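**Q** The structure that follows is given in the form of structure tokens.
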Amino acid sequence: MLQFNKKLENIKTYEAGKPIELVVREFGIEPKDIVKLASNENPYGCSPKVQEAVRKIISKMALYPDDSMGKLKSALSNRFEVRDANIIIGSGSDQVIEFLMHSKANENSKILMNSVTFAMYEIYARHVGAQIIRTRSQEHDLDAFYTLYKKEKPDIIFLCTPNNPTGDAIDAKEMFAFLDKIDGNTLVVVDGAYMEYAQAKDSSKKVAPKSIVESYENVIYLGTFSKAYGLGGMRTGYGIAHAQIIKELYKLRPPFNITTLSLEAASVALGDEDFVNESITNNFLEMKRYEEFASKQNIDIINSYTNFVTLCLSDRYSSSDIATKLLQKGMIVRDLSGYKMNALRVTVGTPEQNTQFFKLLEELI
Ligand SMILES: *Cc1c(COP(=O)(O)O)cnc(C)c1O
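Right, here's the structure in full:
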């Protein structure tokens with residue numbers, strides 16, 4: 005019998021938000037009647053300029069991509085005021101997390117993260133057999149992080165701000181004060197997948213990659229085009245850090261890890277600020293409706309700095325039960341029972357999608 009790598013034994017496969025195709029097959033619902041609010045995608049799609057640019061270069065598909073990624077790197081370095089040598093681009097920021105894990109951790113390592121946070125940190129940590137240490141509180145408590153850091157001497161610390169799946173964000177000043185106290189041989193990852201939303205809502209949450217690069221040789225900032233930029237299907241994310249970190253990560257990068265179409269899409273997306281700003285404005289307008297709905301229904305809602313809301317249900321309901329019933333009606337949301345929370349994570353959709361969600365949930369509670 006085939007024996008596999010022992011490190012894989014206890015890994016649960018990452019459960020992505022259910023794709024629309026699956027709901028069509030399982031429940032026989034027409035695709036047009038399915039609403040997917042499960043993966044924090046931009047409900048307004050992506051910039052029309054991106055679609056046009058991708059259409060224009062579609063004939064280049066036969067050629068390998070530009071592996072220097074010159075166009076996207078210069079777009080990112082201009083935007084964030086860093087050098088090309090400070091940037092690595094991954095097939096989603098997920099892939100950068102994978103590189104980070106392999107660059108620093110092994111089976112003797114400890115990885116420190118929040119009690120509830122992005123599931124991929126744990127999965128990649130398990131790939132290398134590292135031990136996972138978690139804080140206790142639901143929100144990032146940097147004092148608790150510091151206490152565990154002193155006690156456990158982790159090799160990597162993950163800070164997710166704003167945090168997925170809860171939506172809360174760390175105060176930037178407090179975060180920098182924390183980073184100041186961490187020794188240079190501990191790698192700290194600041195995952196800013198939803199930073200575009202957070203900084204628009206409250207500037208005290210804004211973490212600029214530039215300030216990280218300028219002040220720390222052991223900290224990396226992660227960003228992605230999958231959320232505010234509406235390019236989840238293009239799988240493009242990035243890490244920004246001191247050149248020495250980037251140099252090490254490059255040793256792990258497979259050649260041509262970003263496709264020609266993705267490189268073009270991300271470069272053009274970064275240039276269309278109006279589209280992103282409009283999406284963000286709409287997001288927070290619609291989020292108000294979720295807050296009103298939750299207060300009317302007596303549901304606790306976590307104050308969110310992202311494009312999703314987390315609805316904490318009372319003991320009278322089970323989130324997995326409600327999520328299944330919503331699914332049967334074509335409404336895909338994220339059940340958080342796997343995170344030990346009796347809660348639903350719902351992406352803030354278009355006005356129509358949200359209205360539909362309110363209607364269906366109201367019928368169930
Ligand atoms: C979505 C997400 C990512 C990564 O997304 P990619 O599509 O791989 O770029 C990383 N971190 C968090 C917290 C996320 O929610």
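Under the numbering used here, residues 5 to 369 are what the sequence shown spells out, in order.
The C-beta atom is built at its ideal place from N, Cα and C for all residues, glycine as well.
Because the structure is a prediction, the values reported are computed rather than measured.
(1) Whose CA, out of 228, 146, 247 and 130, lies closest to the CA of residue 271?
(2) Do you know how far the Cα of residue 168 is from the Cα of residue 343?
(3) Can you tell me whether residue 180 is helix, strand or coil according to DSSP?
(4) Checking 8 Å against the spacing of the C-beta atoms, do residue 91 and residue 253 come in under that value?
(5) Which parts of the region 246-324 are runs of the beta strand (DSSP E), unbroken and 3 residues or longer, counting only runs that do not cross its ends?
(6) In whole angstroms, what separates the C-alpha of residue 213 from that of residue 199?
(7) For the structure I just gave you, are there three or more beta carbon pairs, one from the region 171-179 and one from the region 202-209, closer than 8 Å?
(8) So does residue 43 have its beta carbon nearer than 7 Å to some heavy atom of ligand 2?
(9) Any heavy atom of ligand 1 closer than 7 Å to the Cβ of residue 50?
(10) Can you tell which of 89, 20 and 41 has the C-alpha that lies nearest to the C-alpha of residue 362?
(11) So, residue 323 versus residue 346, is the Cβ gap smaller than 8 Å?
(12) Name the residue from 121, 74, 68 and 223 whose alpha carbon lies nearest to the alpha carbon of residue 165.
(13) DSSP has residue 2 in a bridge; who is on the other side?
(14) Starting from the Cα of residue 231, find the closest Cα among 339, 310 and 80 and give me that residue.
(15) Please classify residue 62 as buried or exposed, where buried requires at least 16 neighbouring CB atoms within 10 angstroms.
(16) Pull up the distance between the alpha-carbon of residue 74 and that of residue 38, whole angstroms please.
(17) Between the alpha carbons of residue 205 and residue 290, how many angstroms are there, rounded?
(18) Pick out the complete alpha helix (DSSP H) segments inside the region 176-228, 4 residues or longer, and give them in chain order.
(19) With DSSP collapsed to three states, give me the class of residue 365.
(20) In whole angstroms, what is the alpha-carbon distance linking residue 318 and residue 58?
(21) Work out the CA separation of residue 45 and residue 154 for me, nearest whole Å.
(22) Hey, is residue 275 close to ligand 1, as in C-beta under 7 Å from one of its heavy atoms?
(23) Rounded to whole angstroms, what is the Cα-Cα separation between residue 183 and residue 226?
(24) What is the rounded straight-line gap between the Cα of residue 259 and the Cα of residue 71?
(25) Would you say the region 327-335 touches the region 183-195, given that touching needs at least three Cβ pairs under 8 Å?
(26) Does residue 336 pass the burial test, meaning 16 or more other C-beta atoms within 10 Å, or should it be called exposed?
(27) Would DSSP call residue 349 helix, strand or coil?
(28) Below 8 Å between beta carbons: does that hold for residue 312 and residue 350?
(29) Starting from the C-beta of residue 148, find all residues in its chain whose C-beta is less than 6 Å away, skip the five residues before and the five after it, and write them out in chain order.
(30) So with Cβ pairs under 8 Å, would you call residue 218 a contact of chain B?
(31) Measuring from the CB of residue 138, is there a heavy atom of ligand 1 at a distance below 7 Å?
(32) In angstroms with no decimal places, state the Cα-to-Cα distance between residue 4 and residue 17.
**A** A quick look at the data gives this:
(1) Position 267 of the sequence shown, counted from the start, is the residue given in the question as residue 271. Taking only the C-alpha atoms, the option nearest residue 271 is 228.
(2) Residue numbering aside, residue 343 sits at position 339 when the sequence shown is read from its first letter. Residue numbering aside, residue 168 sits at position 164 when the sequence shown is read from its first letter. Roughly 11 Å between the two C-alpha positions.
(3) The residue labelled residue 180 in the question sits at position 176 within the sequence shown. It is helical.
(4) What you label residue 91 is simply residue 87 of the sequence shown in a count that begins at 1. What you label residue 253 is simply residue 249 of the sequence shown in a count that begins at 1. Against a cut-off of 8 Å, the Cβ pair of residue 253 and residue 91 comes out as no contact.
(5) Complete beta strand (DSSP E) runs here, min 3: 312-316.
(6) For the purposes of this step, residue 213 is identified with residue 209 of the sequence shown, where counting begins at 1. For the purposes of this step, residue 199 is identified with residue 195 of the sequence shown, where counting begins at 1. Near 11 Å, if we compare the C-alpha coordinates of residue 199 and residue 213.
(7) The region 171-179 is in contact with the region 202-209.
(8) You won't find ligand 2 in this model; what it holds is ligand 1.
(9) Taking the sequence shown and counting its residues from 1, the one referred to as residue 50 is at position 46. Result no, Cβ not under 7 Å from ligand 1.
(10) As a working note, residue 362 is residue 358 in the sequence shown. Taking each of 89, 20 and 41 in turn and checking the Cα distance to residue 362, the smallest one comes out for 41.
(11) For the purposes of this step, residue 323 is identified with residue 319 of the sequence shown, where counting begins at 1. For the purposes of this step, residue 346 is identified with residue 342 of the sequence shown, where counting begins at 1. Note that the C-beta distance between residue 323 and residue 346 is below 8 Å.
(12) Position 161 of the sequence shown holds residue 165. When only C-alpha atoms are compared, the closest one is 121.
(13) Summary: the structure shown does not reach residue 2, with the chain confined to residues 5 through 369, and so no result is reported for it.
(14) Against the sequence shown, residue 231 aligns to sequence position 227. Nearest option by C-alpha distance: 310.
(15) Taking the first residue of the sequence shown as 1, we reach residue 62 at position 58. Exposed, since its Cβ has fewer than 16 Cβ neighbours within 10 Å.
(16) The sequence position of residue 74 within the sequence shown is 70, counting from 1. The sequence position of residue 38 within the sequence shown is 34, counting from 1. Near 39 Å, if we compare the C-alpha coordinates of residue 38 and residue 74.
(17) In the sequence shown, the residue the question calls residue 205 occupies position 201. In the sequence shown, the residue the question calls residue 290 occupies position 286. Their Cα atoms are separated by approximately 13 Å.
(18) Listed in chain order, the alpha helix (DSSP H) runs fully inside the region 176-228 are 176-184, 199-205 and 213-219, counting runs of at least 4 residues.
(19) As a first step, residue 365 must be located in the sequence shown, where it is residue number 361. Residue state, collapsed to three classes: helix.
(20) In the sequence shown, counting from the first residue as 1, residue 318 sits at position 314. In the sequence shown, counting from the first residue as 1, residue 58 sits at position 54. Approximately 46 Å, taken between the alpha carbons.
(21) Looking up residue 154 in the sequence shown gives position 150. Looking up residue 45 in the sequence shown gives position 41. Between residue 154 and residue 45, the C-alpha separation is close to 37 Å.
(22) Within the sequence shown, numbered from 1, the residue matching residue 275 stands at position 271. With a cutoff of 7 Å, residue 275 does not count as near ligand 1, since its C-beta is closer than that to no heavy atom of the ligand.
(23) Along the sequence shown, read from residue 1 onward, the residue named residue 183 stands at position 179. Along the sequence shown, read from residue 1 onward, the residue named residue 226 stands at position 222. Linking residue 183 to residue 226 through their CA atoms gives a straight-line distance of about 16 Å.
(24) Stepping through the sequence shown from its first residue, residue 259 is reached at position 255. Stepping through the sequence shown from its first residue, residue 71 is reached at position 67. Residue 259 and residue 71: Cα-Cα distance of roughly 7 Å.
(25) Taking 8 Å as the limit for Cβ pairs, the verdict is that the region 183-195 does not touch the region 327-335.
(26) As a position in the sequence shown, residue 336 is number 332, starting the count at 1. Label assigned to residue 336: buried.
(27) Numbered from its first residue, the sequence shown carries residue 349 at position 345. Residue state, collapsed to three classes: strand.
(28) Along the sequence shown, one-based indexing puts residue 312 at 308. Along the sequence shown, one-based indexing puts residue 350 at 346. In contact: residue 312 and residue 350 (Cβ atoms closer than 8 Å).
(29) The residue given as residue 148 occupies position 144 in the sequence shown. Spatial neighbours of residue 148 in its own chain (CB-CB distance under 6 Å, excluding positions within 5 residues in sequence) are listed in chain order as 139.
(30) The chain inventory of the structure shown lacks chain B, comprising one protein chain alone.
(31) Start at 1 with the first residue of the sequence shown, and residue 138 comes out as number 134. Not a single heavy atom of ligand 1 lies less than 7 Å from the C-beta of residue 138.
(32) A question about residue 4 goes unanswered here, because the residues of the chain that appear run from 5 up to 369.
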